[in-house]
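K.L.:
Can you read through this structure? Questions will come right after.
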Amino acid sequence: MKNSIQHIQAFLAVARTGSFTKAANELHLSPSALTVQVQQLEEWLGVILFDRSPRHVSITAAGQDARGPMEKLLLDLDNIVTGSRDLAALRRGVVTIAALPSVCAGTLPPALRVFRERFAGVEVRLHDLVAHRIHAEVRAGEVDFGIGVRARLSHGLEFVPVLNDRLCAFVPQDHPLALHPRLTLEQLADQPIILTGRDSSVREQVDALFDETRLTMNAGMEANYMSTVLALVRQGLGISVLPESAADSLEGLKRIHIDHPGVNREIGLISRSGMGLSPAAQRCFDLLNDELSDTTSS
1 MKNSIQHIQA FLAVARTGSF TKAANELHLS PSALTVQVQQ LEEWLGVILF
51 DRSPRHVSIT AAGQDARGPM EKLLLDLDNI VTGSRDLAAL RRGVVTIAAL
101 PSVCAGTLPP ALRVFRERFA GVEVRLHDLV AHRIHAEVRA GEVDFGIGVR
151 ARLSHGLEFV PVLNDRLCAF VPQDHPLALH PRLTLEQLAD QPIILTGRDS
201 SVREQVDALF DETRLTMNAG MEANYMSTVL ALVRQGLGIS VLPESAADSL
251 EGLKRIHIDH PGVNREIGLI SRSGMGLSPA AQRCFDLLND ELSDTTSS
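Using UniProt numbering, read the sequence shown as starting at 1 and increasing by one per residue.
Rendered as C-alpha cells:
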C-alpha cells in the first residue's frame, strides 16, 4: 500500500481524538481525505478499525490490537530518522582507528584533540598496533581506517601519505656520541643497539638498513614497546634507532639525526579500496589528512 505511513498516522489521529473531524484538522486534511485513508488501511489489513455512527466514533477490538504496534512502528521510524540525521550531522557516531604506537604517542593526539573540539559527540576508539596488524584490521573491516607505513602495503588497501617520521639515534646525554650533531650507520654499528620487537615496522626498517649497507649490527637488548626501549637507553644499557617522534620527553636522552637516506619513514592513512566511510569516519579521515600533513610541513 502506497503512503502507508500517512495511513497509519490517520488511523492513530482518529484513535487519539475520537473524531474524524478533529483528526483531519490536526493533520491538515479534509475529513473526506482522512476517511479515505482510514478506509484504505482497513481494506489493506482486512479488518474494521472503527465503529462509525453519525454522532460517535469508537475503536474496535481489532483497532485496539493494531494501535500499540503501529505507535511503536512510528516511534521506531522516528528514532531511525533522527539517528541517521544525527550521524549525518556528526552529532554522534563512532570512529575506530588502528595506528602505529609511535604515531599514537606523538603526532596523533593533538590532531584528535582538534577533532574532538569540532565534533564532541563522536567517540574515537584507538587501536595502537604494529604495521601488519593495522593492515589486517583495516582489510577485515574491524576499524574504519589505519595510520601506518607504506612498506609491504597489501592488495585491496589504499595509502594516502601524510607525514615523514624519520628514524633517529637516541643516546644517553652523557654518551660520547651525544657530542655529534649527526651520526652515520658505521658509528652506530660499533654500539650495542637496543631493538624493538621483531614484528614491528621499526625493527624491520632498522634490520634492512644494516643489511643494505652490509654492516654488522651489535644487537643488545630487545623490548616490545618503544617507551621500554627508551627507558633502557636512559639507563646507559645501549643506544637505539627509533622514529623521531618516539620520545614524549628527551629527559636524559639526546636525539641525533642519522646521515643516511634510508632512515625516511613514510606514514599515511590506510583504507579499504572502493569502500566508503561513514560520515563521522570520513570527516575524521579528512581532518587527520589535513592536520598531520600540516605537522609535516611546519
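From the three backbone atoms N, C-alpha and C, an ideal C-beta is built for every residue, glycine too.
Would you kindly check if the distance between the Cβ of Arg272 and the Cβ of Arg125 is under 8 Å?
P.N.:
Contact check for Arg125 against Arg272 fails: the beta carbons are separated by 8 Å or more.
K.L.:
For Gly46, count neighbouring Cβ atoms within 10 angstroms of its own Cβ and tell me buried if that reaches 16, exposed if not.
P.N.:
exposed
K.L.:
Can you give me the start and stop residues for the alpha helix (DSSP H) that Asn25 sits inside?
P.N.:
Phe20 to Leu27
K.L.:
By Cβ distance, which residues of its chain are closer than 7 Å to Gly268, with the 5 residues on each side in sequence left out?
P.N.:
Arg150, Phe159, Val160, Pro161 and Val162
K.L.:
Can you tell which of His56, Ala62, Ser58 and Glu204 has the C-alpha that lies nearest to the C-alpha of Ile48?
P.N.:
Ala62
K.L.:
To which residues does DSSP link Ser30 through a beta bridge?
P.N.:
DSSP output for Ser30 lists no bridge partner at all.
K.L.:
Quick one: Cα of Gly106 to Cα of Arg16, how far?
P.N.:
60 Å
K.L.:
Got a sec, what are the start and stop residues for the alpha helix (DSSP H) Ser227 sits in?
P.N.:
For Ser227, the enclosing alpha helix (DSSP H) has its first and last residue at Met226 to Arg234.
K.L.:
Output yes or no for whether 8 Å exceeds the beta carbon distance between Ser30 and Ala24.
P.N.:
yes
K.L.:
Ala189 and Phe210 - do their beta-carbons sit closer together than 8 Å?
P.N.:
Yes; because the gap between Cβ atoms is below 8 Å, this pair is in contact.
K.L.:
Pull up the distance between the alpha-carbon of Ile59 and that of Gly93, whole angstroms please.
P.N.:
Distance between Ile59 and Gly93, taken at the CA atoms: about 42 Å.
K.L.:
Could you tell me the distance, in whole angstroms, from the CA atom of Gly197 to the CA atom of Arg203?
P.N.:
Their Cα atoms are separated by approximately 6 Å.
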